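A short write-up of the structure that comes next.
2 protein chains.
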Amino acid sequence: MTAEFTPVHRSSAAAEAVRLIQEMIVDGRLTPGQRLPAERELSEMLRISRPTLRETIRSLVSLNILESRHGSGTYVAALDTAALLEPLQFVMSLSGRTVDELFEARLLIEPALAALAASRADAGQVAAMRAALAEPDRVAADVALHRLIADAAGNALLATMLQTLSVLGRASRAMTATRPGVLRRTAAEHAAIVDAIDRRDPDAARAAMTEHLRRIAAAAGAGPIGLTT
Amino acid sequence: MTAEFTPVHRSSAAAEAVRLIQEMIVDGRLTPGQRLPAERELSEMLRISRPTLRETIRSLVSLNILESRHGSGTYVAALDTAALLEPLQFVMSLSGRTVDELFEARLLIEPALAALAASRADAGQVAAMRAALAEPDRVAADVALHRLIADAAGNALLATMLQTLSVLGRASRAMTATRPGVLRRTAAEHAAIVDAIDRRDPDAARAAMTEHLRRIAAAAGAGPIGLTT
DNA sequence: GTCCTAAACTGGCCAGGCCACCAAGTCATC
DNA sequence: GATGACTTGGTGGCCTGGCCAGTTTAGGAC
Chain A
1 MTAEFTPVHR SSAAAEAVRL IQEMIVDGRL TPGQRLPAER ELSEMLRISR
51 PTLRETIRSL VSLNILESRH GSGTYVAALD TAALLEPLQF VMSLSGRTVD
101 ELFEARLLIE PALAALAASR ADAGQVAAMR AALAEPDRVA ADVALHRLIA
151 DAAGNALLAT MLQTLSVLGR ASRAMTATRP GVLRRTAAEH AAIVDAIDRR
201 DPDAARAAMT EHLRRIAAAA GAGPIGLTT
Chain B
1001 MTAEFTPVHR SSAAAEAVRL IQEMIVDGRL TPGQRLPAER ELSEMLRISR
1051 PTLRETIRSL VSLNILESRH GSGTYVAALD TAALLEPLQF VMSLSGRTVD
1101 ELFEARLLIE PALAALAASR ADAGQVAAMR AALAEPDRVA ADVALHRLIA
1151 DAAGNALLAT MLQTLSVLGR ASRAMTATRP GVLRRTAAEH AAIVDAIDRR
1201 DPDAARAAMT EHLRRIAAAA GAGPIGLTT
């Protein structure tokens, strides 16, 4: 290997403080929900000015690691995986995508999540799904249901990715959803999915979700879907 | 559905500016490498003070979306997926549960990508895979091969997802890869996958990739994997 | 033309201050 | 005595203005 010098990455004060606080959280010296010292105090402890500390805090807030409450204080966030993965949205919104790719990805992920939900959902989660089925606003119900299923699957990573797909597909979904007849059939298909999950039948849940997505894809005019799952 | 008020989330000026700049990048109004106006200038344009703008910039820098060069200016970063994902490594350092989720997600996505690659890869892509098999540096070969398969599958969205999993799992993968015996068997399994793709046999490719991942997961000591794909 | 230097520009950091907001204690009311 | 409105300290949000250090560039010496 050639020399390749990549020296000194001289770190700024604010970036250094970010690293420090992250370390303290990983080490357990800071725990979720804990309140940090006030900015004026903490800036003195760290020997940096308040504006610089504020840059540090703002960085960690944007990573969902800290949480600032005006008038109250700055706290360590809950640190649940879903929230920490939220910046993923930006990454995925950059990758080029077509409607076909979107459906292909959904067709891969959602049936699997439905199957996982069938084995892992608790009673409360199933109840929430049933409540979503009854929601009068059909579009809101659709979004909520798919979200609930993803959450019940117990894999924050996949759920976050699906969430991103949902955001990316919002425009095309709005178009599709307004076609007459689509909504009624959607409601029936949704009910079938929830029923399968409620019966704790992963294979049926997977099949029902697959069927549901295939029909939506056809209605949206997507090209042939390559997955044979 | 019950009431569930989660109102107003009043956004701060700095957070709003973060959103704005992200939007401009997604829209293409800002492109990688582009230089932003000087802080004093930009703060005037956005009608916020310089310290507040600096909080905004610092946030985006910590997400590897912007890059500040002292004395020169602030630039839009290259925005390659790996760099954008790096700040999310923090998630992995928090919980072992996340490692299980990672394998679960890979086990879902990679076999599907292998199957897609089997139907869509062109001769050049297959040749590149064979070249990767011959690469002496085993770790580099592993990364490259999985990447090539994802590219050959022809779905940028899914490829990005997989790369996300890859970057997030880098730490744990390094541990696993160093175990004796693991690498040799990995090489054989890789060859089987590429062979299946070369034969244009999606089902075989899917199966070979599934088998490969299951063994890796077992070697890494991951918990039970819920997917029955 | 080449090289060097100095000035102009840019991000890094700081001090000090005002405002909006929250939470807890106080006080009047019932 | 319990309950409600009110006051008060503490907190984050934001700003003005400034100095320093690094980079860039244009002008001048050769």
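So the sequence lines, in the order shown, correspond to chains A and B.
To convert, note that position 151 of the first sequence is 151 in the working numbering; the numbers rise steadily by one, no gaps.
To convert, note that position 51 of the second sequence is 1051 in the working numbering; the numbers rise steadily by one, no gaps.
Don't be surprised by glycine CBs; every beta carbon is placed ideally from N, CA and C.
Keep in mind the model is a prediction, meaning the values are calculated, not measured.
Out of curiosity, what's the CA-to-CA distance linking residue i and residue j?
i	j	result
A:G230	A:L79	Outside the displayed span of chain A (1 to 229) sits residue 230 of chain A, for which this structure offers no information.
B:L1102	B:Q1089	12 Å
A:M1	B:R1138	Residue placement at A:M1 is flagged as unreliable, the pLDDT there being 48, under the threshold of 50; the coordinate-derived value follows with that caveat. So the alpha carbons of these two residues sit roughly 16 Å apart.
A:Y75	A:A117	32 Å
B:D1142	B:L1107	16 Å
A:E104	B:R1040	46 Å
A:D122	A:V18	38 Å
A:I48	A:L66	19 Å
A:A112	A:S119	11 Å
B:A1077	A:S72	35 Å
A:T210	B:E1023	33 Å
B:A1014	A:D100	36 Å
B:A1144	B:A1205	17 Å
B:R1185	B:L1213	12 Å
B:L1084	A:L162	19 Å
A:D203	B:E1110	20 Å
A:D198	A:V126	6 Å
A:I21	B:V1091	14 Å
B:L1027	B:A1218	Looking at the sequence provided, one finds Asp at residue 1027 of chain B rather than Leu. For B:D1027 and B:A1218, the distance between alpha carbons rounds to 43 Å.
A:E189	B:L1094	38 Å
A:I25	A:S62	16 Å
B:L1046	B:A1038	12 Å
A:D151	B:E1044	43 Å
A:R215	A:A208	11 Å
B:E1016	A:L42	25 Å
B:I1050	B:L1030	What sits at residue 1050 of chain B in the sequence shown is Arg, not Ile. The alpha-carbon atoms of B:R1050 and B:L1030 are separated by roughly 20 Å.
A:A131	B:G1124	52 Å
B:T1164	A:S166	18 Å
Taking the alpha-carbon of residue i as reference, which of the options has the nearest alpha-carbon?
i	options	result
A:T160	A:S59, A:T56 and A:A82	A:A82
B:R1200	B:A1114, B:T1164 and B:G1154	B:A1114
A:I149	A:R185, A:D195 and A:S62	A:D195
B:A1192	B:L1133, B:A1152 and B:L1158	B:L1133
A:N64	A:E44, A:E86, A:V26 and A:M45	A:E86
B:R1035	B:R1147, B:S1068 and B:I1216	B:S1068
B:G1154	A:I25, A:M45 and A:T98	A:T98
A:A168	B:R1170, B:L1157 and B:G1169	For the sequence presented, residue 168 of chain A should be read as Leu rather than Ala. Here the closest residue by C-alpha is B:L1157.
A:H70	B:S1012, B:H1070 and B:G1124	B:S1012
A:R147	A:M129, A:E135 and A:P136	A:M129
B:A1140	B:R1170, B:D1151 and B:R1050	B:R1170
B:A1187	B:E1016, B:T1164 and B:P1136	B:P1136
Name, in chain order, the residues that DSSP records as bridge partners for residue i.
i	result
A:R35	A:Y75
A:L66	A:V76
Residues, ordered as in the chain, of the segment 81-97 of chain A that lie near chain B by beta-carbon distance below 7 Å
T81, L84, L85, P87, L88, F90, V91, M92, S93, L94, S95, G96 and R97
Are the segment 1047-1063 of chain B and the segment 44-61 of chain A touching, with three or more C-beta to C-beta distances below 8 Å?
yes
Under 7 Å (Cβ pairs) to chain B, residues found in the segment 18-40 of chain A
V18, Q22 and V26
Relative to chain B, which residues along the segment 65-80 of chain A have a C-beta separation below 9 Å, given in chain order?
I65, S68, H70 and L79
Using a Cβ-Cβ cutoff of 8 Å, what residues of the segment 97-122 of chain A are near chain B? List them in chain order.
R97, E101, L102, E104, A105, L108, I109, A112, A115, L116, S119 and R120
Residues in the segment 48-64 of chain A having any Cβ partner in chain B nearer than 7 Å:
P51, R54, E55, R58, S59, S62 and L63
Residues of the segment 1155-1166 of chain B with a CB closer than 8 Å to any CB of chain A: list them in chain order, please.
N1155, A1156, L1157, L1158, A1159, T1160, M1161, T1164 and L1165
Proximal residues, the segment 1119-1143 of chain B versus chain A, C-beta separation under 9 Å:
S1119 and R1120
Short of 9 Å Cβ to Cβ, which residues in the segment 1183-1206 of chain B face chain A?
P1202, D1203 and R1206
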